[in-house]
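**Q** In the numbering used here, the protein residues as written are 59 to 671. Mind looking over this structure? Questions follow.
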Ligand code: F6R
């Protein structure tokens, strides 16, 4: 995910910014850049690749140490490829403003068209450069830089954290945020703005957290917060950060995995950003335009590995139900060698967080050689999968550092649901009103999850201690909950090294039920959906054989389940319940593994990116 660090004070800005950028590296990035004002002129130095490439360029610049104020950025590409032109900071056409940005400006196309008609030129593919030039345009009539910033921000839709530097106020920074983190650091005759407190923690622990709907103006000795609406100045309390620099990299969380689980509301917002047209009852996916087999595929085959495979299995039922398109799901390592009979009319969807999984990449080749159109769902911009598929849709989950995949799955499920709704409109399987209702529920999910996560965490702790004492566990579910059971078992075994397997609950009586005894634990996923009565009967069959049961169910339905303990699924409209069950399963595995003293972020024998078969 992108990172921002900006400085204004009495010291040379560039070494402080470079140091801040180094502390942001863990977030993952593909290019970086710095801008400052030197002798009345903007200097902007950017480089694709690692930070050292930027540092080499920076110190080849004459007198890079003179400026005492500047902007720094690490970019994780979303709009446009990772390149020097697309790297931040950007400079406005009139060379009076420079800006760094995290997030997405959803209406940048409209703004760009208007600015283009006024003669503006764009040198990158980014939405950031568009907003920056809008600020420059607003400045033509605004009384000062603050008002110009305010006017432009009011016109921008989307999610953003922004820091602006103006050529005529070379020691002043303007900043704002919407659904993206931004923090001001308050030092002695020097101040900072960053997307992550880690970047300036070596200099100050005093911070101000601007809220949405606020702008801040920072000089070496002042930090003033204004209301976006009317520019009235507001008093904001300074807070003290107690984390050490190491744990702050994890945003105060003990492990990256926990941080990434808790990031899922933000991940959902980011996956949906710019893709929901609520008023029009439409999903906006420009990535699917221009290819007939993407507009309305005859058949779909999803191919992936591990957690990404589980996402495919979860989404396939929606693609069939809503999209009315036959859909099968395959494990990439099986698919690539089994000489599958493929029709050129099939759309092959490859899902991969890293975009570098060897088996999934091999499957692209097999699909292409059969003449199929390939669509990648991928998290890492510019990865091999993104390059090799005909089209790619980015999941926009931000870098996943913990080896065990968590938030990427949430974003993959979100995209599959979006695709199902997109095709539901093309195939007219759902009415406009039905699609609109689902989009509305989808949009509300992130807020709901955000509210429920703290309680889910507490509940998962007790439940996890019980599960951690088991030697063998079955995770059971039916329908979409079977895909989640697979994920629950995968996460549990990879983190805690306790033997866990998933079964479709209806399969138990075809063999596995022979294993059930008072020692063999069953974790049953039984949301109040159309499969509840069936799952309930399967759980009864286990209880009748003295098998201990932990139930993951909604409060009401779970009352009748003969379980030792129950983990409550918060109320979420169907079919989105999976988005609430998923963090429960992830937290359960996380808590069990930490209770057992395991290395949750780097489980033994595993790698984050499986580039060998
Ligand atoms: C499990 C996990 C793996 C990955 C699998 C595919 O927690 O992380 O099962 O999901 O290796 O990786 P990607 O999605 O990068 O292709």
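Even glycine gets a Cβ: it sits at the ideal position worked out from N, Cα and C. Being a predicted model, the structure only gives us computed values, none of them experimental.
Return the residue from the list 78, 657, 83 and 71 that minimises the CA-CA distance to residue 456.
**A** By 1-based counting over the chain shown, the position of residue 456 is 398. Among 78, 657, 83 and 71, the Cα nearest to that of residue 456 belongs to 83.
**Q** For residue 313, which residues from the same chain have a beta carbon less than 6 Å from its beta carbon, with the 5 sequence-adjacent residues on both sides left out?
**A** As a first step, residue 313 is located in the chain shown; it is residue number 255 there, counting from the start. Answer for residue 313: 658 and 659, listed in chain order.
**Q** Can we count residue 411 as close to the ligand F6R, meaning its CB is less than 6 Å from some heavy atom?
**A** Here residue 411 is taken as the residue at index 353 of the chain shown, counted from 1. Correct: residue 411 has its Cβ closer than 6 Å to the ligand F6R.
**Q** Use the C-beta contact count for residue 537: other C-beta atoms within 10 angstroms, 16 or more gives buried, fewer gives exposed.
**A** If you number the chain shown from 1, residue 537 lands on position 479. Burial call: buried.
**Q** Taking 8 Å as the cut-off, does the stretch 517-530 touch the stretch 563-583 (at least 3 CB pairs, one atom from each stretch)?
**A** Counting Cβ pairs under 8 Å, three or more are found: they touch.
**Q** Nearest-angstrom Cα distance between residue 418 and residue 165?
**A** Residue 418 sits at position 360 when you count from the first residue of the chain shown. Residue 165 sits at position 107 when you count from the first residue of the chain shown. Answer to the nearest angstrom: the Cα atoms are 34 Å apart.
**Q** DSSP on residue 240, reduced to helix/strand/coil?
**A** Within the chain shown, the letter at position 182 stands for residue 240. DSSP places residue 240 in coil when its eight states are reduced to three.
**Q** In angstroms with no decimal places, state the Cα-to-Cα distance between residue 445 and residue 619.
**A** Here the question's residue 445 lines up with position 387 in the chain shown. Here the question's residue 619 lines up with position 561 in the chain shown. Rounded to whole angstroms, residue 445 to residue 619 spans 49 Å at the Cα level.
**Q** To which residues does DSSP link residue 252 through a beta bridge?
**A** Residue numbering aside, residue 252 sits at position 194 when the chain shown is read from its first letter. For residue 252, which the question treats as bridged, DSSP gives the partners 63 and 241.
**Q** Give the C-beta separation of residue 284 and residue 222 to the nearest angstrom, bearing in mind that I take them to be a contact with Cβ-Cβ under 8 Å.
**A** For the purposes of this step, residue 284 is taken as residue 226 along the chain shown, with counting starting at 1. For the purposes of this step, residue 222 is taken as residue 164 along the chain shown, with counting starting at 1. So it is not a contact: roughly 13 Å between Cβ atoms.
**Q** Can you name, in chain order, every residue of its own chain whose Cβ lies under 8 Å from the Cβ of residue 505, other than the five neighbours on each side?
**A** Translated into positions along the chain shown, residue 505 becomes position 447. 323.
**Q** Can you tell me the Cβ-Cβ gap for residue 439 and residue 134, rounded? I've got them flagged as a contact below 8 Å.
**A** The sequence position of residue 439 within the chain shown is 381, counting from 1. The sequence position of residue 134 within the chain shown is 76, counting from 1. Right, their Cβ atoms sit about 7 Å apart.
**Q** Under a three-way DSSP split, which group does residue 428 fall into?
**A** Position 370 of the chain shown, counting from 1, holds the residue named residue 428. In the structure shown, residue 428 sits in coil (DSSP, three-state: anything other than H, G, I, E or B).
**Q** Which residues in the same chain have their Cβ closer than 6 Å to the Cβ of residue 371, if we skip the five residues on either side of it in sequence?
**A** Within the chain shown, numbered from 1, the residue matching residue 371 stands at position 313. Only 387 and 541 meet the Cβ criterion.
**Q** Would you report the Cα separation of residue 454 and residue 343, rounded to the nearest angstrom?
**A** Sequence index remark: in the chain shown, residue 454 carries index 396 (1-based). Sequence index remark: in the chain shown, residue 343 carries index 285 (1-based). If I take the Cα positions, the gap works out to 14 Å.
**Q** Go through the stretch 268-344 residue by residue and report every complete run of the alpha helix (DSSP H) that reaches 4 residues or more, in order.
**A** Within the stretch 268-344, the complete alpha helix (DSSP H) runs of at least 4 residues are 303-306, 314-320 and 322-330.
**Q** So residue 361 is in the beta strand (DSSP E); what residue range does that whole segment cover?
**A** Taking the chain shown and counting its residues from 1, one reaches residue 361 at position 303. Here the beta strand (DSSP E) through residue 361 covers 357-362.
**Q** Looking only at its chain, what residues have a beta carbon closer than 7 Å to the beta carbon of residue 635, apart from the 5 residues adjacent to it on each side?
**A** What you label residue 635 is simply residue 577 of the chain shown in a count that begins at 1. If we look at residue 635 and ignore the five residues flanking it on each side, its Cβ neighbours are 585, 587 and 627.
**Q** Comparing C-alpha positions only, which one of 259, 66, 334 and 548 sits nearest to residue 227?
**A** For this step, residue 227 is matched to residue 169 along the chain shown. Residue 66 is the option with its Cα nearest to residue 227.
**Q** Using C-beta distances below 6 Å, list every residue in its chain close to residue 211, excluding the 5 sequence neighbours before and after it, in chain order.
**A** Sequence index remark: in the chain shown, residue 211 carries index 153 (1-based). Hits under 6 Å: 234.
**Q** Note the first and the last residue of the continuous beta strand (DSSP E) segment covering residue 264.
**A** What you label residue 264 is simply residue 206 of the chain shown in a count that begins at 1. Residues 264-266.
**Q** Could you tell me which whole beta strand (DSSP E) segments of length 3 or greater appear in the stretch 415-492?
**A** The qualifying runs are 431-436 and 449-452.
**Q** In terms of residue numbering, what span does the alpha helix (DSSP H) encompassing residue 106 cover?
**A** On the chain shown, residue 106 is found 48 positions in, with the first residue counted as 1. Where residue 106 is concerned, there is no enclosing alpha helix (DSSP H), although the beta strand (DSSP E) it sits in stretches over 99-106.
**Q** Are the stretch 361-370 and the stretch 457-471 touching by the rule of at least three beta carbon pairs closer than 8 Å?
**A** They touch, by the three-pair rule.
**Q** Identify the residues that DSSP records as bridge partners of residue 196: which are they?
**A** Within the chain shown, the letter at position 138 stands for residue 196. Note: residue 196 sits in no beta bridge, so no partner.
**Q** Tell me whether residue 501 sits in a helix, a strand or coil according to DSSP, three-state version.
**A** Looking up residue 501 in the chain shown gives position 443. Looking at residue 501 - three-state DSSP - the assignment turns out to be helix.
**Q** Please name the residue or residues paired with residue 172 in a DSSP beta bridge.
**A** Indexing the chain shown from 1 puts residue 172 at position 114. Partner(s): none; residue 172 has no beta bridge.
**Q** Counting pairs of Cβ atoms below 8 Å between the stretch 242-251 and the stretch 270-284, do you hit three or more?
**A** They touch, by the three-pair rule.
**Q** Tell me the rounded alpha-carbon separation between residue 394 and residue 357.
**A** Taking the chain shown and counting its residues from 1, the one referred to as residue 394 is at position 336. Taking the chain shown and counting its residues from 1, the one referred to as residue 357 is at position 299. If you take the alpha carbons of residue 394 and residue 357, they lie about 19 Å apart.
**Q** Sort 207, 340 and 329 by Cα distance to residue 435 and report the nearest one.
**A** The sequence position of residue 435 within the chain shown is 377, counting from 1. Per the Cα distances, 329.
**Q** In the DSSP output, which residue or residues are listed as bridge partners for residue 232?
**A** Here residue 232 corresponds to residue number 174 of the chain shown, with the count starting at 1. According to DSSP, which records beta bridges pairwise, residue 232 is partnered with 222 and 275.
**Q** How long is the line joining the alpha carbons of residue 111 and residue 168, rounded to whole angstroms?
**A** Stepping through the chain shown from its first residue, residue 111 is reached at position 53. Stepping through the chain shown from its first residue, residue 168 is reached at position 110. Answer to the nearest angstrom: the Cα atoms are 35 Å apart.
**Q** Heavy atom of the ligand F6R less than 6 Å from the Cβ of residue 363, yes or no?
**A** Walking along the chain shown from the start, residue 363 turns up at place 305. Residue 363 Cβ: within cutoff of the ligand F6R.
**Q** Is residue 418 near the ligand F6R - that is, is its Cβ less than 6 Å away from at least one heavy atom of it?
**A** Your numbering for residue 418 matches position 360 in the chain shown. Indeed, a heavy atom of the ligand F6R lies less than 6 Å from the Cβ.
**Q** Taking residue 81 as part of the alpha helix (DSSP H), name the residues at either end of that continuous run.
**A** Within the chain shown, the letter at position 23 stands for residue 81. Start and end: 71-82.
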